[in-house]
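Participant: Handing you a structure now.
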Amino acid sequence: MALGAAEVAGVGGELASSSGGQHGAVRYAHECFSFKSPSETASPALEALDIIAGGKMGILVVPSTKHATDLLAQRAKQAQHGGAASRPLRIWPLDHLSAANHMDKHRSIQAKFKSGDVIIPLDLLAYEERYHKVLLRAFGGYVIARNDAVAAELIQRYGLPSVTLDGKVSHKGSLQGGWRGANSAKANRMAKKLQADKLQAEVSALEAQATQVQTQLSEVESQMDRMATAALQAELSAAQLAQQQEAVARAKLALSQKRAAAAEAASVLAHLLASLDQKRQLCSTYAGKGDVLQKLQAQLQQARARQAELEDQSKDLIGQVDKLAEEVQSLEEQLEDTDQAQLSVQLQGKQSALQADRRLLTELQAAAALHTAERKEQQARQEEVERELAKLQEEQGFLTKQVKVAKLSLERLHAEHAATQRQMVDLKAELPELAAVCSRPAASVMGDSDPANGDKALRKLALARQKLKDERKRSRARQIPAGEQLVYKERKASLALFKERAKLLSEAAEHLETGIEASRSQVVRTNEATFEAIGAKFTAMTKALLPSMDIGIARIGQAVHEGVQLRFRPSAGGDSACGGREGASWTHDMGQLSGGQRTLLSLALILSAARAGSHTSLFLMDEVDAALDETNQRLVAALFKDVIASDGGCQVLCVTHNAAFQQICDTIVQVTRDANGTHVKLLAATPAGKGAV
1 MALGAAEVAG
11 VGGELASSSG
21 GQHGAVRYAH
31 ECFSFKSPSE
41 TASPALEALD
51 IIAGGKMGIL
61 VVPSTKHATD
71 LLAQRAKQAQ
81 HGGAASRPLR
91 IWPLDHLSAA
101 NHMDKHRSIQ
111 AKFKSGDVII
121 PLDLLAYEER
131 YHKVLLRAFG
141 GYVIARNDAV
151 AAELIQRYGL
161 PSVTLDGKVS
171 HKGSLQGGWR
181 GANSAKANRM
191 AKKLQADKLQ
201 AEVSALEAQA
211 TQVQTQLSEV
221 ESQMDRMATA
231 ALQAELSAAQ
241 LAQQQEAVAR
251 AKLALSQKRA
261 AAAEAASVLA
271 HLLASLDQKR
281 QLCSTYAGKG
291 DVLQKLQAQL
301 QQARARQAEL
311 EDQSKDLIGQ
321 VDKLAEEVQS
331 LEEQLEDTDQ
341 AQLSVQLQGK
351 QSALQADRRL
361 LTELQAAAAL
371 HTAERKEQQA
381 RQEEVERELA
391 KLQEEQGFLT
401 KQVKVAKLSL
411 ERLHAEHAAT
421 QRQMVDLKAE
431 LPELAAVCSR
441 PAASVMGDSD
451 PANGDKALRK
461 LALARQKLKD
471 ERKRSRARQI
481 PAGEQLVYKE
491 RKASLALFKE
501 RAKLLSEAAE
511 HLETGIEASR
521 SQVVRTNEAT
531 FEAIGAKFTA
541 MTKALLPSMD
551 IGIARIGQAV
561 HEGVQLRFRP
571 SAGGDSACGG
581 REGASWTHDM
591 GQLSGGQRTL
601 LSLALILSAA
611 RAGSHTSLFL
621 MDEVDAALDE
631 TNQRLVAALF
641 KDVIASDGGC
651 QVLCVTHNAA
661 FQQICDTIVQ
671 VTRDANGTHV
681 KLLAATPAGK
691 GAV
């Protein structure tokens with residue numbers, strides 16, 4: 001069963017919560033490491049790392065066996081509710097994972113080579129110590145060799161398996177490699193992981209920048225809050241100042257009223273004092289008169305009482321006036337202490353600072369929005385670059401093949417040109433006149449392209465022609481021997497023949513290029529038809545050999561000439577114990593197959609390709625049963641007999657040392673060697689008219 005990214009995250013979260021978050025939870029093997037910095041040092045070894053890892057990068061790594069059990073139980077529960085899985089689920093629990101550690105041996109062998117000739121895969125990776133066994137299981141069995149010579153020395157002298165930088169696998173008794181298709185670089189999982197690590201680093205940097213911008217934004221917001229608080233306090237101070245000014249105005253008004261009342265009381269008192277003096281004078285005048293005196297005394301007492309009352313009122317008024325004056329003085333002192341102009345200036349300064357902070361906040365918000373837009377634009381550009389890179393890789397594969405064809409044609413033309421040059425050298429040696437003419441540039445012979453110089457060029461040619469005629473006459477006058485004249489004529493005829501052949505070769509090359517271009521579509525159709533025929537035979541043959549699996553051949557690109565690859569998946573109608581289910585996805589990892597299954601696939605592919613073309617009369621199989629059990633041996637024997645029966649008269653010759661497989665064959669020829677030489681003995685014979693296995 002295979003888990004999607006979202007499903008792995010969900011299951012990992014549940015397992016982490018159930019275990020208290022110990023060591024994280026579920027992750028794929030390719031998530032357990034990253035490339036050491038700088039990551040460019042691992043770029044040349046990406047293809048080798050991808051081949052060494054094989055299908056192990058899709059294995060799930062869990063902290064313990066309990067986590068693995070819980071995960072399988074959860075998957076079983078999902079399957080009961082209609083959940084579907086795409087391929088078998090492979091799990092490595094860290095607490096029970098074992099891995100052979102050959103690092104010391106590899107390092108001792110590495111020290112015997114030049115720097116860079118032998119690379120230990122784990123030296124290119126960065127990982128946590130708890131994932132050391134995981135990476136030993138995935139990468140620890142091989143080293144990376146710089147080239148084929150280093151790989152050969154590693155396997156021959158030290159028995160150490162290796163993978164070269166260009167993807168050739170060497171282990172004891174085997175060498176694998178070859179062309180992996182034009183699109184193999186796109187399928188390189190390590191290259192994708194390296195690119196993903198770079199993108200993750202860029203995303204982390206962008207997130208750090210976003211966090212920094214958010215922090216600055218928070219600081220600006222806090223400054224704005226402080227400025228708003230200061231502005232509010234300034235407004236409150238201005239309101240209090242206005243209230244104090246209003247209280248001072250009211251106190252001044254009350255003071256002026258009290259002063260007017262005091263002045264009025266003083267005038268009344270003066271009037272009463274004057275009246276009192278008059279009455280005293282009257283008292284002295286009428287002292288003898290008793291009644292008048294009594295009345296005057298009564299009036300005097302009343303006047304004194306009134307005077308005392310007025311004096312009391314005057315004292316009260318004076319006290320109130322003094323108190324109001326003190327209050328006015330106190331308020332004026334407070335008003336002087338509080339400089340209204342200074343408060344206004346401070347208020348205006350704080351308001352301007354607040355407006356500046358608001359403008360800064362607006363600019364930061366715009367910068368954050370611009371940063372987000374640039375990040376999205378960068379991601380879009382990156383996706384577009386990836387698509388362009390894929391298209392360029394496809395075009396590069398096609399152009400590489402075109403260049404190979406052009407190089408072959410150019411090599412042929414160079415060979416023909418060299419042969420013509422050799423013939424021309426021979427002719428120049430025999431005909432000095434021809435050498436003199438050929439050594440001059442075309443402009444000196446034909447003249448300038450200017451029409452005005454045409455007559456001059458013609459005159460030069462006429463003079464040269466006359467000189468040649470004169471030279472021929474002198475040559476005849478010297479009486480050249482007949483043998484030399486005959487050789488001259490033969491070589492002249494050969495020169496004409498060679499010129500004709502050169503012309504024919506040039507025309508043939510043009511016709512060949514035209515024919516190649518015209519037959520290109522026909523070749524493509526032929527390739528497609530051959531691919532379909534081989535694919536149909538291969539599918540039918542593998543269905544008979546491995547009924548529990550769906551196996552086929554698929555194109556790597558749009559056309560067959562771009563490459564093909566094998567693919568397989570559990571059969572939908574197969575046994576559930578074998579993983580058969582609907583909706584299973586195809587895989588290309590041959591490392592998931594056993595040795596016997598790979599042998600059966602190889603036989604099916606060879607026989608399908610051979611039977612799709614012209615029929616052959618003999619198939620030679622060497623040790624075909626080496627990796628097969630008895631059941632598969634009988635299947636292979638039945639397959640060979642079916643090929644013999646369907647192809648009519650062909651034979652299959654198997655070289656084997658397995659007695660059980662020999663008993664299945666129709667004819668057994670025993671070959672032995674001893675001191676007396678080689679002996680051939682027929683142990684079983686096929687009835688006449690039948691093919692033999």
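Under full-length UniProt numbering, the first residue of the sequence shown is numbered 1, with each subsequent residue one higher.
For glycine and all other residues, C-beta sits at the position ideal for the given N, C-alpha and C.
Quantities reported herein were computed from a predicted structural model and do not represent experimental measurements.
By DSSP's criteria, PRO570 is part of a beta bridge. Which residues make up the other side?
Facilitator: MET549
Participant: Can you confirm whether the region 358 to 369 touches the region 208 to 221 when touching is taken to mean that 3 or more C-beta pairs between the two stretches lie within less than 8 Å?
Facilitator: yes
Participant: Just to confirm my understanding: we take LEU683, look at its own chain, exclude 5 residues before and 5 after, and list those with CB closer than 6 Å. What are they?
Facilitator: ILE668 and GLN670
Participant: Going by Cα to Cα distance, which pick from GLN421, GLN200 and ALA234 is closest to GLN382?
Facilitator: GLN200
Participant: Start and end of the alpha helix (DSSP H) containing ALA126?
Facilitator: From DSSP, ALA126 is part of no alpha helix (DSSP H) but of the beta strand (DSSP E) over 125 to 127.
Participant: From what residue to what residue does the beta strand (DSSP E) around GLN592 run?
Facilitator: Note, GLN592: premise wrong, no beta strand (DSSP E); not H, not E.
Participant: Taking GLU630 as the reference, which of GLU416, ASP589, ALA659 and LEU620 has the closest Cα?
Facilitator: ALA659
Participant: Beta-carbon separation of GLY99 and GLY140 under 8 Å?
Facilitator: The residue asked about is misnamed: residue 99 is Ala in this sequence, not Gly. Result yes, Cβ atoms of ALA99 and GLY140 sit closer than 8 Å.
Participant: From ALA533 to GLN195, what does the alpha carbon distance come to, in whole angstroms?
Facilitator: Taking the straight line from one Cα to the other gives about 39 Å.
Participant: Where ALA239 and HIS271 are concerned, what is the direct C-alpha to C-alpha distance, given to the nearest angstrom?
Facilitator: 48 Å
Participant: Once DSSP output is grouped into helix, strand and coil, what is the label at ALA554?
Facilitator: strand
Participant: Give me, in chain order, the residues of the same chain whose beta-carbon lies closer than 8 Å to that of LEU49; leave out the 5 immediate sequence neighbours on both sides.
Facilitator: ALA42, PRO121, LEU124, PHE139, ILE144 and MET190
Participant: Between ALA536, LEU600 and SER548, which lies nearest to ARG611 when the distance is taken from Cα to Cα?
Facilitator: Per the C-alpha coordinates, the member of ALA536, LEU600 and SER548 positioned closest to ARG611 is ALA536.
Participant: Quick one: what does DSSP say ASP622 is sitting in, helix, strand or coil?
Facilitator: strand
Participant: According to DSSP, is HIS271 helix, strand or coil?
Facilitator: helix
Participant: Does DSSP put ALA145 in a helix, a strand or coil?
Facilitator: strand
Participant: Straight-line CA distance for ALA242 to LYS258?
Facilitator: Their backbone Cα atoms lie some 24 Å apart in a straight line.
Participant: On a Cα-Cα basis, can you pick out the residue from LEU601, THR672, ALA508 and ASP666 that is closest to LEU566?
Facilitator: LEU601
Participant: Who pairs with HIS679 in a beta bridge, going by DSSP?
Facilitator: THR672
Participant: Is it buried or exposed for HIS81, if we count other Cβ within 10 angstroms and need 16 for buried?
Facilitator: exposed
Participant: With a cut-off of 8 Å on the beta carbons, I'd call ASP95 and SER64 a contact; round off their distance for me.
Facilitator: 5 Å
Participant: Where do the N-terminal and C-terminal ends of the alpha helix (DSSP H) with PHE661 fall, by residue?
Facilitator: 659 to 664
Participant: From VAL150 to LEU495, what does the alpha carbon distance come to, in whole angstroms?
Facilitator: 54 Å
Participant: Buried or exposed: THR678, going by 16 or more other Cβ atoms within 10 Å of its Cβ?
Facilitator: Using a 10 angstroms sphere on the CB of THR678, the tally of other CB atoms stays under 16, which defines it as exposed.
Participant: With DSSP as the reference, label TYR28 as helix, strand or coil.
Facilitator: Residue state, collapsed to three classes: strand.
Participant: Decide if residue 702 is buried, meaning its Cβ has at least 16 other Cβ atoms within 10 Å, or exposed.
Facilitator: What the structure shows of the chain is the stretch from 1 to 693, and residue 702 is not part of that stretch, so it cannot be assessed.
Participant: Between which residues of its own chain and TRP179 is the CB-CB distance below 8 Å, once the five residues before and five after are set aside?
Facilitator: Its pLDDT being 39, under 50, TRP179 is placed unreliably in this model, and the value from its coordinates should be taken loosely. Cβ within range, chain order: GLY563.
Participant: Just the Cα atoms here: how many angstroms apart are SER222 and GLY167?
Facilitator: 59 Å
Participant: For LEU360 versus VAL220, is the C-beta distance shorter than 8 Å?
Facilitator: yes
Participant: With burial defined as no fewer than 16 other Cβ atoms inside 10 Å of the residue's Cβ, what is the status of ALA675: buried or exposed?
Facilitator: For ALA675, the number of other beta carbons within 10 angstroms of its own is below 16, and it is reported as exposed.
Participant: Using CA coordinates, which residue listed in ARG130, ALA76, ALA208 and LEU136 is at the minimum distance from ASP104?
Facilitator: LEU136
Participant: Where ILE59 and ALA584 are concerned, what is the direct C-alpha to C-alpha distance, given to the nearest angstrom?
Facilitator: 17 Å
Participant: Would ARG581 be called buried (16 or more neighbouring beta carbons within 10 Å of its own) or exposed?
Facilitator: The predicted position of ARG581 is uncertain, since its pLDDT is 49 and thus under 50; a value taken from the coordinates is nonetheless stated next. Per the 10 Å Cβ criterion, buried.
Participant: On the criterion of 16 or more Cβ atoms from any shown chain inside 10 Å, does ALA540 qualify as buried, or is it exposed?
Facilitator: exposed
Participant: In the DSSP assignment, what are the bridge partners of SER34?
Facilitator: ALA126
Participant: In chain order, what residues of the same chain have a beta carbon less than 6 Å from the beta carbon of ARG387, not counting five sequence neighbours either side?
Facilitator: none
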